[in-house]
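Q: One structure is given below, represented as structure tokens, and several questions about it will come after.
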Amino acid sequence: MPIKRYGAEKSGAGGQNLPFARAVEAGGFLYVSGQVAMKDGEIVRGGIVEETHLTIKNVLAILEEAGYGPEHIVRVGVWLDDPRDFWSFNGVYKSYFGEHPPARACVQSRMMVDCKVEIDCVAYKGP
91 MPIKRYGAEK SGAGGQNLPF ARAVEAGGFL YVSGQVAMKD GEIVRGGIVE
141 ETHLTIKNVL AILEEAGYGP EHIVRVGVWL DDPRDFWSFN GVYKSYFGEH
191 PPARACVQSR MMVDCKVEID CVAYKGP
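Counting in this note's numbering, the final residue of the sequence shown is number 217, and the numbers go up one at a time with none missing.
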């Protein structure tokens, strides 16, 4: 079974090449790397609501590129910089995944880049 990588050639903040793919597809599964509120290679700063919308839109764009949709997501991982953002984050999250809620883990963590939220996911589309 072939493995397909999406976006391994893309650059990150400051035009640096990143040592990982945005997503990898194998055996009907799509593993999407952690996404943040990034546009044109730069972090877009804002409140948790704005950053969550852009982060989820980035995840959904990768899914769409690979032929998947939000209904195919089986698991989501979320990292929040500030636990006080949890309820505001959930409000935005529900607007995208309310009809097809995947399994999810959400933790508070210091971020590697200057953002409020990072999201990764695993999607599955059977043969």
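Ideal Cβ positions, reconstructed from N, Cα and C, are used throughout, including at glycine. Computed from a predicted model, the values in this text were never measured in an experiment.
Just tell me which of Ile163, Ser123, Lys184 and Gly118 has its CA closest to the CA of Phe110.
A: The candidate whose alpha carbon is nearest that of Phe110 is Ser123.
Q: May I have the straight-line CA-CA distance separating Lys147 from Val168, to the nearest angstrom?
A: Answer to the nearest angstrom: the Cα atoms are 14 angstroms apart.
Q: Nearest-angstrom Cα distance between Arg165 and His190?
A: Taking the straight line joining both Cα atoms gives about 11 angstroms.
Q: Which ranges does the alpha helix (DSSP H) cover as unbroken runs of at least 4 residues, wholly within the region 158 to 187, from first to last along the chain?
A: Qualifying alpha helix (DSSP H) stretches, in chain order: 176 to 187.
Q: In three-state terms, what does DSSP make of Glu53?
A: Past the boundaries of the shown model lies residue 53; the chain is included only from 91 to 217, so the question cannot be answered.
Q: Nearest-angstrom Cα distance between Phe187 and Cys205?
A: Distance between the alpha carbons of Phe187 and Cys205: 22 angstroms.
Q: Quick one: give me the first and last residue of the beta strand (DSSP E) that Gly119 is part of.
A: A small correction: the amino acid at residue 119 is Phe; Gly does not occupy that position in the sequence shown. Counting along the chain, the beta strand (DSSP E) containing Phe119 begins and ends at Phe119 to Gln125.
Q: Just grab the DSSP bridge partners of Lys129 for me.
A: According to DSSP, which records beta bridges pairwise, Lys129 is partnered with Glu132.
Q: Cβ of Ile209 within 9 angstroms of Cβ of Val114?
A: Not closer than 9 angstroms, so no.
Q: Of the residues Met91, Pro92 and Cys211, which one's Cα is nearest the Cα of Tyr158?
A: The option with the nearest alpha carbon to Tyr158 is Cys211.
Q: In this structure, how does DSSP classify Val212 when only helix, strand and coil are distinguished?
A: It is a strand residue.
Q: Terminal residues of the continuous beta strand (DSSP E) containing Ala193?
A: Unbroken beta strand (DSSP E) run through Ala193: Ala193 to Gln198.
Q: Using the rule of at least 16 other Cβ atoms within 10 Å of the residue's Cβ for burial, across every protein chain shown, is Gln125 buried or exposed?
A: Looking at its Cβ environment, which holds 16 or more other Cβ atoms inside 10 Å, Gln125 is buried.
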